[in-house]
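A.B. asks: Have a look at this one before I ask anything.
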Amino acid sequence: MKEDFYKHQTQTTPHPLALEVSHAKGSYIYDTEGHAHLDFVAGVSACSLGHCHPRVSQAIKDQVDKYAHVMVYGEYIQEPAVSYTKLLASLLPKNLETTYLVNSGTEAIEGALKLARRATGRTEIFAANHAYHGNTMGSLSVMGYEERKSAFRPLIPDVRFIPFNDNAAIAAITEKTAGVILETIQGGAGFIEPKNNFLTKIRKRCTEVGALLILDEIQPGFGRTGKLFAFEHYNCIPDILVIGKGMAGGMPVGAFVASHKLMQTLQDAPKLGHITTFGGNPIIAAASLATLREITETQLIAETLEKEKLFRTLLQHKLIKEIRGRGLMLALILDHLEVANHLILTAAKEKLILFWLLFEPRAVRISPPLTISNQEITAGCEQIISILDQY
Ligand SMILES: Cc1ncc(COP(=O)(O)O)c(C=O)c1O
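Its first residue numbered 170, the sequence shown is counted upward by one per residue in my numbering.
Below, the structure written as structure tokens:
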């Protein structure tokens with residue numbers, strides 16, 4: 170299979186980890202030789218309930234036997250999408266009552282950027298340095314990392330950048346601004362939390378000048394940081410919330426959420442302001458509904474903070490300079506990038522899955538399933554410490 174993988178499937182790095190997967194269950198991925206790999210990455214924060222969670226698997230099976238795709242987005246009334254968006258609205262602040270379901274995080278970002286332009290009639294978008302919002306042209310335009318996007322220029326015009334957490338830069342947002350897009354916690358940059366009321370101040374400025382605040386919670390959303398959504402930590406409610414990844418228990422999904430009034434602007438001038446064939450797909454919506462019910466009907470969110478404490482207690486080592494992030498969205502900042510590479514690659518050989526962050530080469534990602542047990546956390550952390558001891 171390896172040879173065919175390299176020949177027929179596109180790779181985006183010269184050295185993929187190339188784990189040959191047989192099946193996966195709970196916190197483990199099993200390779201084709203039968204070895205269990207402890208998963209501290211969860212498909213890059215997507216498998217929030219671990220692999221093959223019975224509630225999610227059952228919901229998918231039940232739905233696939235009823236009906237799969239029947240119509241393009243938004244034309245027919247389909248129970249899974251209706252039930253999901255209604256439940257989601259009941260868990261969000263009042264203004265976030267209407268959801269547009271799409272197929273991936275980056276598509277949701279595209280929709281949010283279009284909505285900001287359409288609703289305000291303005292073009293300027295502010296984003297943050299070192300931001301990551303996805304890889305399609307609009308998302309790439311608001312990525313704050315020139316090295317990864319310059320080869321694809323020209324991108325969409327009228328995008329300006331401010332440093333994340335720089336309160337002095339907020340004044341640059343003006344009546345010309347359509348929207349400000351920020352990750353609630355910066356992911357690719359190294360799991361950087363907002364501080365000094367940065368988000369509250371951004372919120373205030375957006376309200377003052379009539380710009381829409383878009384918060385990208387594609388990674389921290391759905392309980393990963395100890396709240397259902399990370400903005401709940403920072404006294405800041407966005408106009409448009411963008412979600413994805415952990416939302417559907419490992420199925421491909423994204424969504425943007427806003428007020429009913431804002432969303433109505435997608436209905437005319439022009440009509441069909443954002444369309445998609447598979448958005449709101451009933452199987453994905455059923456998986457999303459099962460995932461959201463499981464996250465909110467159990468203690469998983471509260472346990473996330475206990476699990477964070479356990480990680481922080483166990484992961485003390487002179488080569489770990491800092492542990493950034495919140496809940497189960499943690500980044501080990503190592504002494505230098507060679508240590509980070511050594512840790513990830515050695516752990517892979519020893520069947521512990523760790524991964525890099527996009528723009529912070531000293532960082533090692535720890536974003537396990539929310540369902541990970543204390544025993545599994547302890548075993549993985551002991552392995553990390555032992556690898557670092559031998560460095
Ligand atoms: C914060 C953030 N925004 C957007 C995206 C893009 O999501 P997708 O890969 O589903 O397009 C990601 C994915 O890593 C992300 O972490």
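Don't be surprised by glycine CBs; every beta carbon is placed ideally from N, CA and C.
1. Just to confirm the assignment: which complete alpha helix (DSSP H) runs, minimum length 4, are found wholly within the region 356-433?
2. Let's test the definition: count the other Cβ atoms within 10 Å of the Cβ of Glu202 and tell me whether it reaches 16, buried, or not, exposed.
3. With distances taken between CB atoms, is the gap from Ala424 to Met416 smaller than 8 Å?
4. With which residues is Lys194 paired in a DSSP beta bridge?
5. Could you tell me which residues DSSP puts in a beta bridge with Ile556?
6. Run through DSSP, which three-state label would His302 get?
7. In chain order, which alpha helix (DSSP H) runs of at least 4 residues are fully inside the region 301-330?
8. Exposed or buried, what is Gln544 when buried is set at 16 or more other beta-carbons lying within 10 Å of its beta-carbon?
9. Whole angstroms is fine: what's the gap from Glu507's alpha carbon to Arg531's?
10. Pick helix, strand or coil for Val137, following the three-state DSSP scheme.
11. Which two residues bound the contiguous beta strand (DSSP E) that contains Ala341?
12. Express the C-alpha separation of Asn510 and Leu501 in angstroms, rounding to a whole number.
13. Taking only heavy atoms of ligand 1 into account, decide whether any of them is closer than 7 Å to the Cβ of Glu352.
14. With DSSP as the reference, identify every bridge partner of Asp208, one or two as the case may be.
15. Would you call the CB atoms of His299 and Phe528 closer than 8 Å?
16. Only counting the same chain, and skipping five residues up and downstream in sequence, which positions put a Cβ closer than 7 Å to that of Gly212?
C.D. replies: So, to answer that:
1. 367-378, 429-433
2. As a first step, residue 202 must be located in the sequence shown, where it is residue number 33. By the neighbour-count rule (16 or more Cβ atoms within 10 Å), Glu202 is not buried but exposed.
3. Walking along the sequence shown from the start, residue 424 turns up at place 255. Walking along the sequence shown from the start, residue 416 turns up at place 247. Yes, the pair counts as a contact, with Cβ atoms nearer than the cut-off.
4. For the purposes of this step, residue 194 is identified with residue 25 of the sequence shown, where counting begins at 1. Lys194 pairs with Tyr197.
5. Reading the sequence shown from its first residue, position 387 is the one you call residue 556. In DSSP, Ile556 forms no bridge with anything.
6. Counting from one through the sequence shown, the residue named residue 302 turns up at place 133. Reduced to three states, the DSSP call for His302 is coil.
7. Counting only runs of 4 or more, we get 306-310.
8. Numbered from its first residue, the sequence shown carries residue 544 at position 375. Gln544 is exposed by the Cβ-count criterion.
9. As a first step, residue 507 is located in the sequence shown; it is residue number 338 there, counting from the start. As a first step, residue 531 is located in the sequence shown; it is residue number 362 there, counting from the start. In a straight line, the C-alpha of Glu507 is about 8 Å away from that of Arg531.
10. Outside the shown range of the chain, which is 170 to 560, sits residue 137, and nothing can be said about it.
11. Walking along the sequence shown from the start, residue 341 turns up at place 172. No beta strand (DSSP E) holds Ala341; DSSP gives it neither H nor E.
12. As a first step, residue 501 must be located in the sequence shown, where it is residue number 332. As a first step, residue 510 must be located in the sequence shown, where it is residue number 341. Approximately 12 Å between the Cα atoms of the pair.
13. Against the sequence shown, residue 352 aligns to sequence position 183. Yes.
14. Within the sequence shown, numbered from 1, the residue matching residue 208 stands at position 39. Answer is Ile522.
15. Along the sequence shown, one-based indexing puts residue 299 at 130. Along the sequence shown, one-based indexing puts residue 528 at 359. Against a cut-off of 8 Å, the Cβ pair of Phe528 and His299 comes out as a contact.
16. Translated into the one-based positions of the sequence shown, residue 212 becomes position 43. Same-chain partners within the cutoff: Gly419.
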